[in-house]
Amino acid sequence: MDYSEAVAFFDPDEAYLLSTHINADGDGMGALLALGEMLHAMVREYRIVLDDEIPSQKFAFLSGFDRIESYGSLGGQPPFTRAVFVDTPTLDAQRVGSVTQLLGKDARVLIIDHHAARTEEGDVRLVDSGASAASELVYRLIQAAGVDISQKMAMQIYAGIVFDTKRFKFSHPKRALKVCAELVDLGADPEGIADALFARESYETVKTLGVALSSLELHMGGRVSTLVVDHTTYLLGGDLDLVVDYAMAVEGVEVALFFKEEKPGHCRVSLRSRGAVDVNKVAQVFGGGGHERASGCQLDMFLSDAKQALLAEVERRMKGKSGTSGEANP
Numbered sequence: 031m032d033y034s035e036a037v038a039f040f041d042p043d044e045a046y047l048l049s050t051h052i053n054a055d056g057d058g059m060g061a062l063l064a065l066g067e068m069l070h071a072m073v074r075e076y077r078i079v080l081d082d083e084i085p086s087q088k089f090a091f092l093s094g095f096d097r098i099e100s101y102g103s104l105g106g107q108p109p110f111t112r113a114v115f116v117d118t119p120t121l122d123a124q125r126v127g128s129v130t131q132l133l134g135k136d137a138r139v140l141i142i143d144h145h146a147a148r149t150e151e152g153d154v155r156l157v158d159s160g161a162s163a164a165s166e167l168v169y170r171l172i173q174a175a176g177v178d179i180s181q182k183m184a185m186q187i188y189a190g191i192v193f194d195t196k197r198f199k200f201s202h203p204k205r206a207l208k209v210c211a212e213l214v215d216l217g218a219d220p221e222g223i224a225d226a227l228f229a230r231e232s233y234e235t236v237k238t239l240g241v242a243l244s245s246l247e248l249h250m251g252g253r254v255s256t257l258v259v260d261h262t263t264y265l266l267g268g269d270l271d272l273v274v275d276y277a278m279a280v281e282g283v284e285v286a287l288f289f290k291e292e293k294p295g296h297c298r299v300s301l302r303s304r305g306a307v308d309v310n311k312v313a314q315v316f317g318g319g320g321h322e323r324a325s326g327c328q329l330d331m332f333l334s335d336a337k338q339a340l341l342a343e344v345e346r347r348m349k350g351k352s353g354t355s356g357e358a359n360p
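When we follow the numbering used here, the leftmost residue of the sequence shown carries the number 31, and every step to the right adds one.
In structure tokens form, the structure reads like this:
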């Protein structure tokens with residue numbers, strides 16, 4: 031893959047805005063922090079700004095975390111003429127929030143992402159749907175720029191990849207493992223990162239998990255599972271990222287759906303698949319997307335209606351798989 035255009039994007043000695051999607055996760059965080067280290071080495075000014083009011087403290091062990099700012103805390107910031115958005119194929123407000131309001135009228139944008147895009151947004155695009163994570167692409171970009179990979183960068187990038195692949199279970203795990211082996215040689219600490227990301231949970235997270243597990247239901251002869259967190263439980267503030275993995279752990283389940291009621295009449299849904307159904311296509315029906323085995327979407331519906339809609343779409347595709355003509359068309 032040719033990284034030259036992306037490297038050239040950083041030639042101007044200007045201040046760069048770095049951002050990612052709403053509810054920034056490990057991949058977005060790792061990629062942004064490593065990118066910030068690269069710009070520091072190149073003697074470029076930058077600010078990392080998220081739409082999120084408070085970034086997840088799960089990632090506070092990563093160097094540079096204290097530089098992350100919330101859009102809502104900024105005041106009187108001059109518009110940026112250069113910006114980089116990672117781990118998102120689009121600058122739509124539903125995906126990145128209000129951060130785009132920091133862009134000047136003629137601002138140039140670099141998009142770094144590993145999701146298949148339906149639109150070609152951005153002035154420069156570093157997009158590879160075969161990559162394990164946006165952090166992997168940032169790693170190769172740093173190498174292409176001729177910047178030495180520090181231990182800080184190795185930690186940030188490894189954390190992004192291992193988080194997004196769910197410990198090498200999704201999103202091109204073979205490719206992820208090869209990259210992460212290089213990062214270990216560069217100073218990444220697999221044991222320490224795994225402990226920080228997967229072995230420590232807040233009281234609120236464990237309480238939320240308990241409520242979610244009590245909602246577990248099986249559908250379609252046990253091939254599909256659902257978990258639900260209602261708005262009251264959502265307000266506990268627990269980390270919801272790994273909840274859907276418990277739905278996938280049930281023997282015989284091929285597709286798992288996790289519904290989070292962020293507010294009454296609005297749900298965010300995480301979808302997982304063992305491969306029988308392409309959940310990226312399911313998510314796209316509802317304006318979302320992601321990967322064949324791990325995707326997400328948002329629905330302006332109440333929980334019961336959202337469950338019915340998603341289950342109906344999954345069932346349609348399962349029936350298409352069992353027929354002679356293959357999966358039903360989107």
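Beta carbons: idealized from backbone N, C-alpha and C, even for Gly.
Bear in mind that the values here come from a model prediction, so they are computed numbers and not experimental data.
Taking C-beta to C-beta, are residue i and residue j nearer than 8 Å?
i    : j    : result
E151 : T195 : no
L239 : V192 : no
G319 : H145 : yes
S165 : H321 : no
S103 : M185 : no
I141 : V129 : no
G105 : I52  : no
L257 : V236 : no
L301 : V283 : no
L48  : I78  : yes
K293 : L270 : no
R205 : S162 : yes
L287 : L340 : yes
E67  : K199 : no
G56  : G190 : yes
Could you tell me the alpha carbon to alpha carbon distance between residue i and residue j, rounded to whole angstroms?
i    : j    : result
V168 : T118 : 13 Å
C327 : P42  : 36 Å
V241 : D219 : 33 Å
N359 : G217 : Here N359 scores only 34 on pLDDT, less than 50, and its place in the model is too uncertain to base an answer on.
A36  : F91  : 28 Å
L272 : H70  : 33 Å
D308 : G295 : 26 Å
D122 : L329 : 15 Å
T262 : F40  : 45 Å
E281 : P108 : 54 Å
M72  : I179 : 13 Å
A306 : A279 : 15 Å
E343 : V315 : 8 Å
Y276 : S325 : 16 Å
D260 : A38  : 46 Å
Q87  : V154 : 31 Å
D32  : G176 : 14 Å
V116 : R323 : 20 Å
S232 : F89  : 13 Å
D96  : G350 : 49 Å
I98  : L65  : 13 Å
S244 : D82  : 29 Å
Considering only DSSP beta bridges, list what residue i is partnered with.
i    : result
S300 : F288, G326
F21  : Outside the displayed span of the chain (31 to 360) sits residue 21, for which this structure offers no information.
A45  : E75
G320 : S325
K337 : Looking at the DSSP assignment, K337 forms no beta bridge with any residue, so it has no partner.
K293 : H296
- Message: Going residue by residue through the segment 181-264, where are the continuous alpha helix (DSSP H) segments of at least 4 residues, counting only ones entirely within it?
- Response: 181-194, 203-215, 220-228, 233-244, 261-264
- Item | Completely contained beta strand (DSSP E) runs for the segment 66-148, where each covers 3 or more residues | 75-80, 98-100, 110-116, 133-143
- Query: Counting pairs of beta carbons, one from the segment 166-186 and one from the segment 325-344, are three or more of them closer than 8 Å?
  - Reply: no
- Which runs of the beta strand (DSSP E) spanning at least 3 residues fall entirely within the segment 146-179, listed in chain order? 154-157
- the segment 252-269 in contact with the segment 206-217 per 3-pair CB rule at 8 Å: Touching, no.
- Message: Taking contact to mean 3 or more Cβ pairs, one atom from each stretch, closer than 8 Å, check whether the segment 126-140 and the segment 57-73 are in contact.
- Response: Touching, no, given that fewer than three Cβ pairs across the two stretches are closer than 8 Å.
- Spell out a yes or no on whether the segment 31-45 and the segment 100-114 are touching, meaning 3 or more CB-CB pairs, one atom from each, closer than 8 Å. yes
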